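If you're matching positions, the sequence shown starts at 31 in my numbering and goes up one per residue.
A short worksheet on the structure shown next.
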Amino acid sequence: MTGPEFQIQAHAKVNLTLEVLGRRPDGYHNLVSIMQTVDLHDRLTFAPAAGLELACNVPELEGEANLVWKAMCAVQAATEAKHGIRITLEKRIPTAAGLGGGSSDAAAALRGLMRAWNLALSGDALMRIALDLGSDVPFFLYEGTALVQGRGENVVPLPRAHMDWIVVLAPEIQLDGKTGQMFRLISPEDYSRGVLSHKLAGRIRAGSDMPPQFMFNAFDSIADRAFPGLAACRSAFKSVGAREVVLSGAGPSLIAIAPSREIGLAWQLLLKSRGMRAFLCRAWWPDPARALPG
Ligand code: C5P
31 MTGPEFQIQA HAKVNLTLEV LGRRPDGYHN LVSIMQTVDL HDRLTFAPAA
81 GLELACNVPE LEGEANLVWK AMCAVQAATE AKHGIRITLE KRIPTAAGLG
131 GGSSDAAAAL RGLMRAWNLA LSGDALMRIA LDLGSDVPFF LYEGTALVQG
181 RGENVVPLPR AHMDWIVVLA PEIQLDGKTG QMFRLISPED YSRGVLSHKL
231 AGRIRAGSDM PPQFMFNAFD SIADRAFPGL AACRSAFKSV GAREVVLSGA
281 GPSLIAIAPS REIGLAWQLL LKSRGMRAFL CRAWWPDPAR ALPG
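Structure, rendered in structure tokens:
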């Protein structure tokens, strides 16, 4: 890296829908999901260094298991770039919460490394590296609103969904190997065919509103059993006034679309007053002029 240090924001996502179609021969599952980035974000700072360095405000996340570290190694392997970099990761998105924080950090690292090391990988190559890092990483190379299919590699950007305020309740419930566990628990009765997601994608394309009743998450049917205490969080969310409450990703975060900022703020404050970790988020889209991969 030769230029001055710079920063990139890594946004959290919510799943407006998440349908599981079935298990694939490779052990993964085919999905259809509408994902949406929100303004809650981590921040990555890229600075010159002799070798590869990763610092984080959460010391447990500084190791080689971090997807940012894996992204640095993957880019070096793909390009034979032997430059150094110091990435400082400022975490604000709750980890292992279903909000895609680690995946978003990885995509931001890929974007930042292209700039810092002046690399020009093709969109296809970048998407391949992203998918190797994790099924949610390809979406974060796009951000905004998108229809995501396959394992996560098939990302079709959608126009801006007509929605604004989203309240996220992120319970501090940890489950080892959470995403894998949740996919193991899901059974064929929970499978669907993606009709709901395609219907919502159609509405978004047509510029219609985004009725909260369209939200759906296949993991909702097993989440209250898998995450101890989640059912109580869900009841609390409903008791403050949110009607449609669904899981984000493989959980345990719960989301609800708020009809206005004021109502969203009231929900957030009421949940916080009950000792819960809640965020009032706004849907977030990248600059439309930003180049997309592929
Ligand atoms: O790709 P990622 O590392 O995020 O996936 C974690 C685990 O979740 C996988 O090992 C797999 O068991 C499961 N998974 C799946 N189908 C997907 C995505 C993830 O079965 N589309």
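Heads up, the beta-carbon is just placed ideally off N, CA and C, and yes, glycines get one too.
This one's a predicted model, so the numbers in the text were calculated from it and none came from an experiment.
Run of the alpha helix (DSSP H) containing residue i, from where it starts to where it stops
| i | result |
| --- | --- |
| residue 65 | Looking at the DSSP string, residue 65 is not in any alpha helix (DSSP H); the run it does join, the beta strand (DSSP E), is 59 to 77. |
| residue 235 | 225 to 235 |
| residue 43 | Looking at the DSSP string, residue 43 is not in any alpha helix (DSSP H); the run it does join, the beta strand (DSSP E), is 36 to 53. |
| residue 109 | 97 to 109 |
| residue 131 | 131 to 146 |
| residue 180 | Looking at the DSSP string, residue 180 is not in any alpha helix (DSSP H); the run it does join, the beta strand (DSSP E), is 175 to 180. |
| residue 171 | 167 to 172 |
| residue 255 | 250 to 256 |
| residue 161 | 153 to 163 |
Cβ distance (whole Å) where residue i is taken to contact residue j below 8 Å
| i | j | result |
| --- | --- | --- |
| residue 284 | residue 304 | The pair is not a contact, with the Cβ atoms about 14 Å apart (cut-off 8 Å). |
| residue 64 | residue 175 | 7 Å |
| residue 272 | residue 261 | Going by Cβ atoms, the distance from residue 272 to residue 261 rounds to 15 Å, so no, they are not a contact pair. |
| residue 92 | residue 116 | Contact doesn't hold; Cβ gap of about 12 Å is too wide. |
| residue 179 | residue 62 | 5 Å |
Terminal residues of the beta strand (DSSP E) in which residue i lies
| i | result |
| --- | --- |
| residue 216 | Segment: none, residue 216 is in no beta strand (DSSP E) and carries neither H nor E. |
| residue 267 | Unbroken run through residue 267 is the alpha helix (DSSP H), 260 to 269; no beta strand (DSSP E). |
| residue 297 | First-last for residue 297: 291 to 303, but that is the alpha helix (DSSP H), not the beta strand (DSSP E). |
| residue 284 | 284 to 288 |
| residue 310 | 308 to 312 |
| residue 85 | 82 to 86 |
| residue 115 | 115 to 120 |
| residue 199 | 195 to 199 |
Exposed unless 16 or more other CB atoms sit within 10 angstroms - verdict on residue i
| i | result |
| --- | --- |
| residue 321 | exposed |
| residue 141 | buried |
| residue 198 | buried |
| residue 100 | buried |
| residue 134 | buried |
| residue 278 | buried |
| residue 290 | exposed |
| residue 227 | buried |
| residue 169 | buried |
| residue 225 | exposed |
Selection from the options that minimises the alpha carbon distance to residue i
| i | options | result |
| --- | --- | --- |
| residue 113 | 129, 249, 81 | 81 |
| residue 187 | 196, 172, 198 | 172 |
| residue 249 | 31, 48, 43 | 48 |
| residue 40 | 68, 32, 56 | 68 |
| residue 98 | 108, 109, 254, 118 | 118 |
| residue 299 | 315, 270, 96 | 270 |
| residue 328 | 66, 223, 195 | The structure shown has nothing for residue 328, since the chain only spans 31 to 324. |
| residue 96 | 111, 125, 143, 106 | 125 |
| residue 106 | 203, 147, 66 | 147 |
| residue 79 | 280, 275, 35 | 35 |
| residue 75 | 202, 151, 136, 111 | 136 |
| residue 189 | 215, 318, 212 | 318 |
| residue 59 | 220, 154, 138, 66 | 220 |
| residue 85 | 45, 139, 150 | 139 |
Straight-line gap, residue i to residue j (C-alpha atoms, nearest Å)
| i | j | result |
| --- | --- | --- |
| residue 120 | residue 129 | 16 Å |
| residue 77 | residue 103 | 17 Å |
| residue 230 | residue 236 | 10 Å |
| residue 122 | residue 71 | 6 Å |
| residue 109 | residue 160 | 14 Å |
| residue 247 | residue 32 | 45 Å |
| residue 217 | residue 52 | 9 Å |
| residue 267 | residue 87 | 30 Å |
| residue 183 | residue 144 | 20 Å |
| residue 255 | residue 204 | 13 Å |
| residue 196 | residue 311 | 5 Å |
| residue 309 | residue 111 | 39 Å |
| residue 165 | residue 251 | 22 Å |
| residue 239 | residue 313 | 14 Å |
| residue 245 | residue 153 | 31 Å |
| residue 131 | residue 302 | 21 Å |
| residue 54 | residue 66 | 25 Å |
| residue 46 | residue 288 | 13 Å |
| residue 257 | residue 206 | 11 Å |
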